[in-house]
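Inspection log for the structure reproduced underneath, given as structure tokens.
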Amino acid sequence: MRLSGSITALATPFTAAGELDLDAWHKLLAAQLQGGTQAVVVAGSTGEAAALYDAEYDLLLRTAVEAVAGRIPVLAGTGLSNTAKTIELTRRAAALGADAALVVTPPYVRPTQAGLIAHYRAIADDGALPIVLYNVPGRTGGDLLPQTVAALVDHPRIVGIKEAVAEAARMDALLAFKSDGFAVLSGDDPTACRAMLTGADGIVSVGSNVLPAAFRRLADLARAGRREAAEAWDVRLRPAYDFLGVEPNPIPVKALLAAQGLGHGLRLPLQSLSPAHDEAARRIAALVIELEHAGREPIAA
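Just so you know, we're using the working numbering here: the sequence shown kicks off at 1076 and counts up by one.
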């Protein structure tokens, strides 16, 4: 498997009663395909995986696989705080039709770097799915260091990394491991353009939930090395980046999805966007429409 381009970490839409909104889920998936998204992640942190019941996880993943119908890869979030449980969930995701597993470093337990190597090797050795490493220290409390990644990249079932550390030095260190069998993906929307211009294979994005065509355009320009055009487009996206960071993910992006009629909020302990940001949400919702329209225009030669 070779992952690249614009990949969406899907939010999970809920009804006003707090149940899964499958109608909105199908509309979200259709919008991703229409916008040119090149892969999707089901039940990652943006998808509120920690708030999903097992049956809901299975239903979301199964229906996503059915809706996508092989047109783009479907990744399943399977990372848990225990290795055996992560293996079990990865097997379940494989049985439901996922193409790969996005495996975050074990949240909360803070293993050593040696423990991380053993953890990922055990999941990969089990062989249920190709594995994409996922490093987001701000959420998990642990950091998958580049020298640790170096010990994992040669495993044939470990096919990439989503790196959410924003510093350029971190991305530069990981790009040394990029190969035909190992993709390096940005997991940070505001710095993804820079990462792709320096060689990253793509972006696993939050913003592309509402801006699929816009992020596809960014990825196409940056990965083609068209620096001036990519940076100009990135500037146009920056107000959206800023808004998506005003409260913890996925609160702001779910406010924008709700403005599109896709879902009605989050599950506790997450709450809907604070009223103090309502005006900004209205402004960015209008900008999203403008950017998506522009993002679908042909790219000039």
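Where is the CB? At the ideal position from N, CA and C, for every residue including glycine.
| Query | Result |
| --- | --- |
| Can you tell me which residues form a DSSP beta bridge with residue 1207? | 1177 and 1235 |
| Grouping DSSP H, G and I as helix and E and B as strand, with all else coil, what is residue 1152? | strand |
| Suppose the cutoff is 7 Å on Cβ atoms and the five residues either side in sequence are ignored; what does the same chain contact list for residue 1232 look like? | 1199, 1202, 1205 and 1206 |
| Determine the contact status of residue 1340 and residue 1347, defining contact as a CB-CB distance below 7 Å. | yes |
| Which residues in the same chain as residue 1268 place their Cβ atom closer than 7 Å to its Cβ, once the five residues preceding and following it in sequence are excluded? | 1293, 1297, 1305, 1306 and 1309 |
| Looking only at its chain, what residues have a beta carbon closer than 8 Å to the beta carbon of residue 1234, apart from the 5 residues adjacent to it on each side? | 1076, 1077, 1078, 1175, 1205, 1206, 1207, 1256, 1257 and 1258 |
| Spell out the partners DSSP gives residue 1193 in its beta bridges. | In DSSP, residue 1193 forms no bridge with anything. |
| Among 1240, 1226 and 1163, which one has its Cα closest to the Cα of residue 1193? | 1226 |
| So what's residue 1251 in DSSP terms, helix, strand or just coil? | coil |
| Is residue 1083 helix, strand or coil by DSSP? | strand |
| Can you give the Cα-Cα distance for residue 1374 and residue 1358, rounded to whole angstroms? | 26 Å |
| Quick check on the burial criterion: 16 or more other C-beta atoms within 10 angstroms. Buried or exposed for residue 1155? | buried |
| Specify whether the stretch 1092 to 1103 and the stretch 1349 to 1366 touch according to this definition: at least 3 beta carbon pairs, one from each stretch, less than 8 Å apart. | no |
| Distance, Cα to Cα, residue 1195 vs residue 1158? | 8 Å |
| For residue 1115, write down the residues that DSSP places opposite it in a beta bridge. | 1083 and 1149 |
| What's the gap between the Cα of residue 1302 and the Cα of residue 1272? | 7 Å |
| What does a CB cutoff of less than 6 Å around residue 1316 pick up in its chain, not counting 5 residues either side in sequence? | 1264 and 1265 |
| Taking C-alpha atoms, which residue in 1146, 1145 and 1161 lies nearest to residue 1152? | 1161 |
| So which of 1115, 1275 and 1143 has the shortest CA-CA distance to residue 1247? | 1275 |
| Can you name the start and end residues of the alpha helix (DSSP H) that residue 1304 belongs to? | 1302 to 1319 |
| Rounded to the nearest angstrom, how far is the Cβ of residue 1342 from that of residue 1118, given a contact under 8 Å? | In fact, because the Cβ distance is near 13 Å, the residues do not count as touching under 8 Å. |
| Please tell me whether residue 1279 and residue 1262 are closer than 7 Å, where the distance is taken between their beta carbons. | yes |
| Kindly indicate the opening and closing residues of the beta strand (DSSP E) around residue 1278. | 1277 to 1280 |
| Please confirm if the stretch 1129 to 1146 is in contact with the stretch 1318 to 1331, defined as three or more CB-CB distances below 8 Å between the two stretches. | no |
| Could you check whether residue 1370 and residue 1270 sit closer than 7 Å to each other, using their CB atoms as the reference points? | no |
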